[in-house]
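Counting in our numbering, the sequence shown runs from 49 upward without gaps. All remarks here apply to the structure that follows.
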Amino acid sequence: MRHLNSQTVSEYERSGAKSTFSDAKTDGKTPPGLLRLFALYENLTRFSQPFCTQLSDRECPDVPVSMSTNIIDASGVGLKQFWNLKNHMQAASQLATAHYPETLDKIFVVGAPPFFGTVWGWIKRWFDPMTVSKIFVLSPHEVKPTLEAFIEPRNIPKKYGGELDFGFGRPCVPDPSWDGVVSWENGYTSFPSGPLSWEEVDDGQRVACVALGKEGGKPRNVIICTMPKLWPPRMDERDSHQTESEKATTNQGSEPTQAAQGAMDEGDETVGAFTNGHFEEKMRLAGETNESASLAQTATAA
């Protein structure tokens, strides 16, 4: 976050207003500076989340990925810089609330300066109450255990106690789980910049990543890669999965397994390590809110 000064944000918005990778026209009312923010969310909902949904190496592969968890590093940020970012952060929050509701799961703020606790009371007024309820400011000793409670260590940057070799401004790190799953096409070996979207191919058996927009001033529509379509599961696979699940439930009964009990005990110890009671209460309330949102999303998808 320390890289975002008023000059950087101004250049970010200016370049977004003059982008030539798309022929899309605005309604004349949308501030030009918001166009890149729209592009960010379009990439999230049309490329990143659908891509993650089709990967099977996750805890709940039968549930689509529709929300994101964000880490904001506020280390080295001064009070003046926070104030200069006010309009940009307000615009981003309002855009997300109005056009991309319930795409945010949690925001973890790490490295907050000493004065942050004092000014948080007026900073949070920049955002709507629902967004504020999903923001958690972590003290140094809370960072690693809290992030590990919601993110696998292999996906947490090393800087915050995880295993991921990633830094701000660097390209995304390919996940090893892609190997043998993603089939690159047309000479590509990685995802290019610009608009990307997913389409069904091979009679719905696979999905293809298609590069859209414009490149070198010319329209672009080329397949980058394909991968098996795993979600939503076909009806025959869903029925088979439910049958096996019912059998497992019947055999297991209502008593938790030793492994599950151990996991719950470990979770209790992790939560108990937090010293900020307000933080714990917010996490509980956020969990209830996210659960309700997830049920609503499932009903909508059905």
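Yeah, the Cβ is synthetic: ideal placement off N, Cα and C, and Gly gets one too. Predicted model, so just to flag it, every value in this text is computed and none were measured.
Distance CB(residue i)-CB(residue j) smaller than 8 angstroms
i    : j    : result
A197 : G159 : no
T93  : Y148 : yes
S141 : W174 : yes
V258 : I271 : yes
G215 : K192 : no
Outcome for residue i when other beta-carbon atoms lying within 10 angstroms are tallied against a minimum of 16
i    : result
C273 : buried
E163 : A small fix is needed here, since residue 163 is Phe in this sequence, not Glu. So F163 counts as exposed.
H189 : exposed
P98  : buried
E59  : exposed
G261 : buried
A144 : buried
F130 : buried
Bridge partners - residue i, DSSP secondary structure assignment
i    : result
D121 : V158
L244 : A259
C273 : W232 and C257
P83  : The identity of residue 83 in the sequence shown is Leu, whereas the question assumes Pro. Answer by DSSP bridge pairing: none, since L83 is not bridged.
F198 : According to DSSP, F198 bridges with nothing at all.
K134 : BP columns for K134 are empty, so no partner.
S116 : L152
L103 : BP columns for L103 are empty, so no partner.
K266 : E263
F404 : The requested residue 404 is not part of the displayed model; the chain covers only 49 to 350.
Pick from the options that is closest to residue i, judged by C-alpha positions
i    : options                   : result
L278 : C100, F216, S187 and P205 : C100
P280 : F86, S241 and Q102        : Q102
G265 : E248, T179, A139 and G242 : G242
N118 : F130, N269, A139 and P205 : P205
K154 : F184, E107 and W131       : F184
M150 : T179, H136 and E107       : This sequence places Glu at residue 150; Met is not what is there. Ranking T179, H136 and E107 by Cα distance to E150 puts T179 first.
M275 : W226, R268, L244 and G209 : W226
A87  : E107, G252, L244 and E200 : L244
P161 : K128, H136, M137 and A146 : K128
G228 : R268, S104 and W168       : S104
P240 : R268, K207, P79 and W168  : R268
For residue j and residue i, the rounded distance between their alpha carbons
i    : j    : result
K77  : L83  : 11 angstroms
R218 : V157 : 20 angstroms
D250 : S96  : 21 angstroms
D75  : R202 : 42 angstroms
L186 : Y89  : 25 angstroms
Y236 : V230 : 11 angstroms
L152 : E233 : 32 angstroms
A139 : I120 : 17 angstroms
V221 : S181 : 30 angstroms
G126 : K134 : 13 angstroms
E263 : W246 : 18 angstroms
M312 : V113 : Because M312 sits at a pLDDT of 34, beneath the cut-off of 50, its placement in the model cannot be relied upon, and the following sentence gives the value as read from the coordinates. Those two C-alpha atoms are separated by around 24 angstroms.
P177 : N91  : 25 angstroms
E328 : G124 : At E328, the pLDDT of 46 sits below 50, so the modelled position is not reliable; the number obtained from the coordinates is stated separately. Looking at the two C-alpha atoms, the distance is approximately 26 angstroms.
N132 : E248 : 44 angstroms
D110 : S238 : 26 angstroms
Q253 : R106 : 20 angstroms
I199 : S116 : 11 angstroms
T166 : K172 : 11 angstroms
E211 : D223 : 12 angstroms
H136 : C108 : 35 angstroms
L85  : A146 : 13 angstroms
R282 : D213 : 37 angstroms
P79  : K207 : 36 angstroms
heavy atom of the ligand GDP below 7 angstroms from residue i C-beta
i    : result
K172 : Looking at this structure, you won't find the ligand GDP or any other ligand, since it has none at all.
Residue-level contact to chain C via CB, residue i, 8 angstroms cutoff
i    : result
V258 : Checking the listed chains, one finds no chain C in this structure; it contains a single protein chain.
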